[in-house]
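Numbering-wise, our numbering comes out as the position in the sequence shown, counting from 1, plus 261. We put the beta carbon where it would ideally sit given N, CA and C, even for glycine.
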Amino acid sequence: MTKSSTPGLATRSIHGHRFKDAHGSPHLPVYDTTTFAFNSTADLLDVIDGRKPGSLYTRYGLNPSIFALEETLAGLEGAEMAWSFCSGMAAETALFLTHGREGMVCIGDAYGGTLELLASQLPLLGIKTHLILGSELDQLDALLAAGAKLVFFETPTNPTLELLDIRAISAKAHPYGARVVVDNTFASPVNQRPLELGADFVIHSATKYLGGHSDLTAGALMGSKELLMPVWNWRKNLGSMIGPATASLLARSLRTLVVRVRQQNESAQRIAEAMTRHPKVTRVFYPGLASFPGHGLAKNQMYGFGGMLSIEVAGGGEDATRVADRLKLFALAPSLGGAESLVTQPCTTTHHGLTPEERARRGISDTMLRLSVGLEDPEDLIADLEQALR
Ligand code: PLP
């Protein structure tokens, strides 16, 4: 298919795989099967040796519910290939063990589990990991020159919504033979497609926007066939495969990804604007606000500004806690990307494990609340915030 005839994102999210169910099911069925039978040893060897595609063993990912899902996932990020996993952390672990062993750099803030893996666990295996802030990008050249071969970052970051320049970082890393991986969980492929901007891998906690209903835990990794094939072996032997039931549920969710995320973008923009006008809100972090420092870069590398925003409330940490506790529609829960709106106070949840000094260094104040905007009517969400702030 020529590029100009490539179907749009919403079409790809629904018709993104070639698998046809023998009974004509319009959605991807659950093949709740651990192994698949062959007519002959020759047929079995064709699949084992990779001469023919086919189903074989579910932990290998050779199961129709899984490989059809992966074809759709690849299409959404414009990737040659995708692997699915039982969680976002499983996807990161398999990628880091495959391509990060010579040394890794993590730029900016990241999900707490990722930071723990990089700062405390991979070093136990002798893997050198370096964590720098977005404001310390001048250190990247030296770390690449010293041999780091995988550069990881989220953009927008959690919870300050800091924007990192995917094109610029990729252009810096590639001359050193390093690969770039973007955690695209916050943006989703609707709002940002890092491979188009020069990144080598995209990773997702599919638990969030891709799943979209807070009812599944999964991960995804997208990239070129050359770079993804070695990850397959690690996934196989770590046993971090997605289950067929989750694969089918995730494929179901992807069919509404585009409409969900576009609505969440629109609602988040309205809420962010309302919060900038609120006397008890001292700061709003949202890439869609013209006054936000990352706005220009966001316009440059994103298709939409996303459903995540953070606010700082007047007073101290206890005042922010009281606001979070008084919200009725925003549920107090440390996740994001679902149909229901969620609130967290990062200093008590996602960044609770950091010292107050480290949180301050990362710009995460005790008065900050992070909002994941769901699919409720935005007027109701604004009214909920207003009553809680009151
Ligand atoms: N990446 C980001 C940005 C996340 O927010 C999370 C989880 O919150 C992860 C990765 C890990 O994903 P999972 O919980 O699916 O393992």
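For T263, count neighbouring C-beta atoms within 10 Å of its own C-beta (all shown protein chains included) and say buried if the count is 16 or more, exposed if not. By 1-based counting over the sequence shown, the position of residue 263 is 2. Legend: pLDDT at T263 = 44, less than 50; position of this residue unreliable, no value from coordinates given.
Whole-angstrom C-beta distance between R523 and V451, which should lie under 8 Å: Looking up residue 451 in the sequence shown gives position 190. Looking up residue 523 in the sequence shown gives position 262. Contact between V451 and R523 holds: CB atoms are separated by about 7 Å, below the 8 Å threshold.
Hey, would you say the C-beta of D444 is under 8 Å away from at least one heavy atom of the ligand PLP? Within the sequence shown, the letter at position 183 stands for residue 444. Correct: D444 has its Cβ closer than 8 Å to the ligand PLP.
Is M350 near the ligand PLP, going by C-beta to nearest heavy atom under 8 Å? For this step, residue 350 is matched to residue 89 along the sequence shown. Within the cutoff, so yes.
Which runs of the alpha helix (DSSP H) fall wholly inside the segment 462 to 516 and span at least 4 residues, in chain order? Runs of the alpha helix (DSSP H) inside the segment 462 to 516: 486 to 499 and 505 to 515.
Give the DSSP-derived three-state secondary structure of Y321 in the structure shown. Mapped onto the sequence shown, residue 321 falls at position 60. It is helical.
Using the three-state DSSP reduction, which class does C608 fall into: helix, strand or coil? One-based indexing of the sequence shown puts residue 608 at position 347. Note: C608 maps to helix in three-state DSSP.
Counting beta carbon pairs with one atom in the segment 276 to 294 and one in the segment 323 to 335, are three or more of them shorter than 8 Å? yes
Distance, Cα to Cα, E457 vs T296? On the sequence shown, position 196 is the one that residue 457 refers to. On the sequence shown, position 35 is the one that residue 296 refers to. So the two alpha carbons sit approximately 37 Å from each other.
Touch check for the segment 634 to 647 and the segment 583 to 592: three-plus C-beta pairs under 8 Å? yes
For I309, which of helix, strand or coil comes out of DSSP? Numbered from 1 along the sequence shown, position 48 holds the residue referred to as residue 309. Correct three-state label for I309: helix.
beta-carbon S316 near the ligand PLP non-hydrogen atom, thresh 8 Å: Here residue 316 refers to the residue found at position 55 of the sequence shown. No - the ligand PLP has no heavy atom lying nearer than 8 Å to the Cβ of S316.
Taking the alpha helix (DSSP H) that D586 belongs to, which residues open and close that run? For the purposes of this step, residue 586 is taken as the residue at position 325 of the sequence shown. Residues G578 to R587.
Following a CB-centred definition, is F447 positioned closer than 8 Å to any heavy atom of the ligand PLP? Numbered from 1 along the sequence shown, position 186 holds the residue referred to as residue 447. For the ligand PLP, at least one heavy atom lies less than 8 Å from the Cβ of F447.
Tell me the rounded alpha-carbon separation between L358 and L511. Residue mapping note: residue 358 aligns to position 97 of the sequence shown, counting from 1. Residue mapping note: residue 511 aligns to position 250 of the sequence shown, counting from 1. Going by the C-alpha atoms only, they are around 25 Å apart.
Segment contact, 8 Å Cβ cut-off, at least three pairs: the segment 443 to 450 with the segment 313 to 321: no
Indicate, with yes or no, if the ligand PLP has a heavy atom lying under 8 Å from the CB of T416. Residue numbering aside, residue 416 sits at position 155 when the sequence shown is read from its first letter. Not so, every heavy atom of the ligand PLP lies at least 8 Å from the Cβ.
Determine the extent of the beta strand (DSSP E) in which H360 is found, giving its start and end residues. Translated into positions along the sequence shown, residue 360 becomes position 99. Run containing H360: none in the beta strand (DSSP E); it sits in the alpha helix (DSSP H), G349 to H360.
Using only the alpha-carbon positions, how far apart do D293 and P505 sit? In the sequence shown, counting from the first residue as 1, residue 293 sits at position 32. In the sequence shown, counting from the first residue as 1, residue 505 sits at position 244. For D293 and P505, the gap between their C-alpha atoms comes out near 6 Å.
Helix, strand or coil: how does DSSP classify R622 here? As a working note, residue 622 is residue 361 in the sequence shown. Three-state result, R622: helix.
Would you identify the three-state DSSP class for Y564, choosing helix, strand or coil? Indexing the sequence shown from 1 puts residue 564 at position 303. Three-state DSSP puts Y564 in coil, outside helix and strand.
Could I get the ranges of all uninterrupted alpha helix (DSSP H) runs contained in the segment 394 to 427, with 4 residues as the minimum, in chain order? Complete alpha helix (DSSP H) runs here, min 4: 401 to 406.
Where E338 sits in the DSSP three-state scheme: Locating residue 338 in the sequence shown gives position 77, where the first residue counts as 1. In this structure, E338 counts as coil in the three-state DSSP scheme.
Below 9 Å between beta carbons: does that hold for R273 and T333? Taking the first residue of the sequence shown as position 1, residue 273 is located at position 12. Taking the first residue of the sequence shown as position 1, residue 333 is located at position 72. Their beta carbons are under 9 Å apart, which means R273 touches T333 by this criterion.
Spell out a yes or no on whether the segment 560 to 568 and the segment 610 to 630 are touching, meaning 3 or more CB-CB pairs, one atom from each, closer than 8 Å. no
To the nearest angstrom, report how far apart T628 and R622 are at their CA atoms. As a working note, residue 628 is residue 367 in the sequence shown. As a working note, residue 622 is residue 361 in the sequence shown. Their backbone Cα atoms lie some 15 Å apart in a straight line.
Let me know the secondary structure DSSP gives R279 once reduced to three states. In the sequence shown, counting from the first residue as 1, residue 279 sits at position 18. Three-state DSSP puts R279 in coil, outside helix and strand.
Can you find the residues in the same chain that come closer than 8 Å, C-beta to C-beta, to E534, ignoring five residues on each side of it along the sequence? The residue you call residue 534 lines up with position 273 of the sequence shown. Counting only Cβ-Cβ distances below 8 Å, and skipping sequence neighbours, we find L550.
Suppose you measure from the CA of P540 to the CA of R651; what does that come to, to the nearest Å? Taking the first residue of the sequence shown as 1, we reach residue 540 at position 279. Taking the first residue of the sequence shown as 1, we reach residue 651 at position 390. If I take the Cα positions, the gap works out to 10 Å.
Closer than 8 Å: S466 CB and nearest the ligand PLP heavy atom: Working through the sequence shown from its first residue, we reach residue 466 at position 205. Correct: S466 has its Cβ closer than 8 Å to the ligand PLP.
Between D370 and I625, is the Cβ-Cβ spacing less than 9 Å? Residue numbering aside, residue 370 sits at position 109 when the sequence shown is read from its first letter. Residue numbering aside, residue 625 sits at position 364 when the sequence shown is read from its first letter. Against a cut-off of 9 Å, the Cβ pair of I625 and D370 comes out as a contact.
Going by CA-CA distance only, name the one from F553, I464 and A298 that's closest to Y670. Here the chain has residues from 262 to 651 only, and residue 670 is not among them.
Decide if P420 is buried, meaning its Cβ has at least 16 other Cβ atoms within 10 Å, or exposed. The residue given as residue 420 occupies position 159 in the sequence shown. Buried, since its Cβ has 16 or more Cβ neighbours within 10 Å.
Three-state secondary structure (DSSP) of V519: Sequence index remark: in the sequence shown, residue 519 carries index 258 (1-based). Residue state for V519 is assigned as helix, using DSSP reduced to three classes.
Three CB pairs or more closer than 8 Å across the segment 429 to 444 and the segment 378 to 388: no
Cα-Cα separation, H435 to F414: Counted from its first residue, the sequence shown places residue 435 at position 174. Counted from its first residue, the sequence shown places residue 414 at position 153. About 15 Å.
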